[in-house]
Each structure stands twice: as C-alpha cells, then as structure tokens.
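S.K.: Quick one: the structure is below, questions incoming.
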C-alpha cells in the first residue's frame, strides 16, 4: 500500500529538524529521525554517534575507500550503513504515513509511496545564529562548520543517489526558513499534505 | 525606496507565466512580461521576436560570439539586450510593487528591493501536456523541445548571473506546479507576500 510520506531534506542549521517535528505533531503522524539511527545501530552493531557521522556525510576516508575498494566484494562501513538505512526507511514508510528527516528518504522512497518532498534552506547568517544558539561556538569558525557540513551532505547525497542535492526540481516544495520563519514553513507544508 | 517585488523564474512549460499573471491579479499589482520585451525593443531597435529569443536563451552563436569577442570593447547583441534588460527591470521595479516573470529579475534586483523570489518547475510529462495544449506539436519531439529550452535558459542564467539556475538555495520558495496545481501555487505565494 502506498503511504503518504513527508521526506524533508535540509541544510545544516536551517531548522529542518524542528520543522519536521512540528509538522508531524500538527498532522498527528510519527516523526522519524533518531529512531532511524537507533535501528541502524541495532542492525549494524555500529555506535549511534558513528552512524550519525557516516549516515549522511561523505567523509574523506569513506570517499577514498569507496573509489579504491568499490570494485571488490566487501563493502565499506559507509556502504553498509547505506544499505541498512535503505531497509530501515522502507520498513518505517511501509508502517503508515510519517515524516522522515534526512537520510535521502526522498530518493529511497521515490517509487514506493505518495511522497511530499521538501527541501529547507536558509542564508548563512540565519543558520549561524541557529547553530550557535543550539550547540554553542567551537574553535572552528561557524562559516567553516556550515561549509564543511554542506559539502559532506551534498557529496553523500550525490554519491548514493546520483542526484544534485538542493536542486529545486527534485522537491515538491523548497522553502527559505530564514526568510519565512519556522512556523510559516510548517503551516505551508501542512496545507499541502 | 525598496519595493516588494515578486520575481518568478520558471522551467519552460511549468505554468510560471500563468501563475505570475494570476498572482498579480490577486495581489492587485502590475504584472510585467511582454512589457519588458516591448521596452527593450524600443531602446535597442531589435525586433520583439529577436529579443524573446535572445533575452533569456543563450544560443550557440551568442555563446561563441561571447567567448571570441568579449575582450573587445564592442558588445554583441545578446550583451546589449542584457544591459538594457537590467535597466528596464530596475526602472519597472522602482515604480512600485509588481510581479516580474523571468529575465533574471531575481538576480538583477537582489540588492535593491524586498524580494520574494520564486522558482516554478514540473515534471516532463506535465510540461509536455501544457506546451502541446498551448502551442501544439511540432516536428521536433516534445522531449527535445523541453530539453533544449531548459538548457538555453539555464546557460543564459549561469552566464549572466554566475549562479546555478534551479538551485533551491537561491529562491524564497520553489514549487512543483505539476504536483500542486496552478491555483495552489498562486495561493501559497500570495500568502507569503
């Protein structure tokens, strides 16, 4: 059976997680984010922190590993996490309508369900404010943190889906949460569901 | 004075023109599309058909001309149209709130006004239906017509703005008019104005 799923992709610090959470409350359907990581952890035996890092970000090591060993039969940890992510997301989506944030769910579920795909972004200033408010400053300048995360998410998405991350043509709707505000984004997406 | 301007970019056949027109009616503000071409025609002396072709589409000839003669002082016809387009769009925007479709208005006005930037897209099937309904079939297969127009608009935008056309991060909102329908798109954009 095809379920109505909202798959949200988001730039780091754009508030996409909060939008997904608020949207799920408003629509009264499950919200999956941390649950996905926990399920992948159980299945792969990897630590949750490791999965958070490797499950959406293409890291240099992973990428090198991929181009040097991809032709062999063994899979690297990042590939293994990807395989399990696909399985977990398909199982969750099969249960019923839900909101899923990140993890290329828009791509994984594209042929199986009635998808509403969303991309949330914001300018660097708004994202910097949000990230610092949420997790404080670090030694690494905030501009570099944003750039690094964007680059790794974008590379991860490109690598596993063969699509360009943030290409408006791939989403039902894309919203600038910095210009519009979190509440307005939730309201608009809910009105489309 | 900063005016509230809606600048709509759109894929060929996505209904962006109709959305702009309906939106302007709903908001009771001017809609500029053909007017821009007429003004450019008066200023440059080129025929309106020529401006329609050269004012949004980077054609092979124009592109070659650009890379071979750009270092000289003379400007080619496409560059001349671009210069006048910038001027005309700035003048129209300075008059008051309005809706402008295409012609890189999102880029031209980015520093001067309070912009709501919109990107409208749809899948090939919906766009094909729309184009054939509007202008009939031609000898050239519809898939090729869509691909050619997209490529030329995208190259034009990239060439004159140094931005990637259809990159969600550049727009306040991007909408799939095929999935959502024209009326819903108008309603959402109007609610953000």
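Residue numbers (this note's numbering), protein chains in the order written: chain A, 33 to 225; chain B, 33 to 225. Note that beta-carbon positions come from the ideal geometry of N, C-alpha and C, so glycine has one too. Predicted model, so just to flag it, every value in this text is computed and none were measured.
If you measure between the beta carbons of residue 125 of chain A and residue 153 of chain A, is that distance less than 8 Å?
M.R.: Not in contact: residue 125 of chain A and residue 153 of chain A (Cβ atoms no closer than 8 Å).
S.K.: On a Cα-Cα basis, can you pick out the residue from B:140, B:177, B:214 and B:135 that is closest to residue 122 of chain B?
M.R.: Per the Cα distances, B:140.
S.K.: Tell me whether residue 86 of chain B is buried or exposed, calling it buried when 16 or more other Cβ atoms sit within 10 Å of its Cβ.
M.R.: With 16 or more Cβ atoms within 10 Å of its Cβ, residue 86 of chain B is classed as buried.
S.K.: Please classify residue 138 of chain B as buried or exposed, where buried requires at least 16 neighbouring CB atoms within 10 angstroms.
M.R.: Counting Cβ neighbours within 10 Å, residue 138 of chain B comes out buried, since at least 16 surround it.
S.K.: Could you confirm whether any beta carbon from chain B is found closer than 8 Å to the beta carbon of residue 224 of chain A?
M.R.: Cβ-Cβ to chain B under 8 Å: yes for residue 224 of chain A.
S.K.: Under 8 Å between the Cβ atoms of residue 90 of chain B and residue 218 of chain B?
M.R.: No, the Cβ-Cβ distance between residue 90 of chain B and residue 218 of chain B is not below 8 Å.
S.K.: Find the nearest neighbour of residue 75 of chain A within the set A:61, A:128 and A:113, judged by alpha-carbon distance.
M.R.: Per the Cα distances, A:113.
S.K.: Quick one: which residues of the segment 196–211 of chain A get their C-beta closer than 9 Å to a C-beta of chain B? List them in chain order.
M.R.: So the close ones are 196, 198, 199, 200, 201, 202, 203, 204, 205, 206, 207, 208 and 211.
S.K.: Does DSSP put residue 193 of chain A in a helix, a strand or coil?
M.R.: Of the three classes helix, strand and coil, the one that applies to residue 193 of chain A here is helix, per DSSP.
S.K.: So, are the CB atoms of residue 40 of chain A and residue 47 of chain A less than 8 Å apart?
M.R.: In this structure, residue 47 of chain A does not lie closer than 8 Å to residue 40 of chain A by Cβ.
S.K.: Can you give me the start and stop residues for the alpha helix (DSSP H) that residue 145 of chain B sits inside?
M.R.: From DSSP, residue 145 of chain B is part of no alpha helix (DSSP H); its letter is neither H nor E.
S.K.: Using 8 Å as the threshold, is the C-beta distance between residue 131 of chain A and residue 52 of chain A below it?
M.R.: For residue 131 of chain A and residue 52 of chain A, yes; Cβs fall inside 8 Å.
S.K.: DSSP on residue 209 of chain B, reduced to helix/strand/coil?
M.R.: In the structure shown, residue 209 of chain B sits in a helix (DSSP, three-state: H, G or I).
S.K.: So, is residue 182 of chain B buried or exposed, given that buried needs 16 or more other C-beta atoms within 10 angstroms?
M.R.: So residue 182 of chain B ends up on the buried side.
S.K.: Taking C-beta to C-beta, are residue 81 of chain B and residue 70 of chain B nearer than 8 Å?
M.R.: Contact flag unset, no.
S.K.: Just mark residue 172 of chain B as buried or exposed, buried being the case when its beta carbon has 16 or more other beta carbons within 10 Å.
M.R.: It is exposed - the Cβ of residue 172 of chain B has fewer than 16 other Cβ atoms within 10 Å.
S.K.: Just to make sure I have the definition right: I need the residues of chain B whose C-beta is within less than 8 Å of the C-beta of residue 153 of chain A. Which are they?
M.R.: Near residue 153 of chain A (Cβ distances below 8 Å), the residues of chain B are 200 and 201.
S.K.: If the criterion is Cβ atoms closer than 8 Å, does the pair residue 199 of chain A and residue 35 of chain B meet it?
M.R.: Not in contact: residue 199 of chain A and residue 35 of chain B (Cβ atoms no closer than 8 Å).
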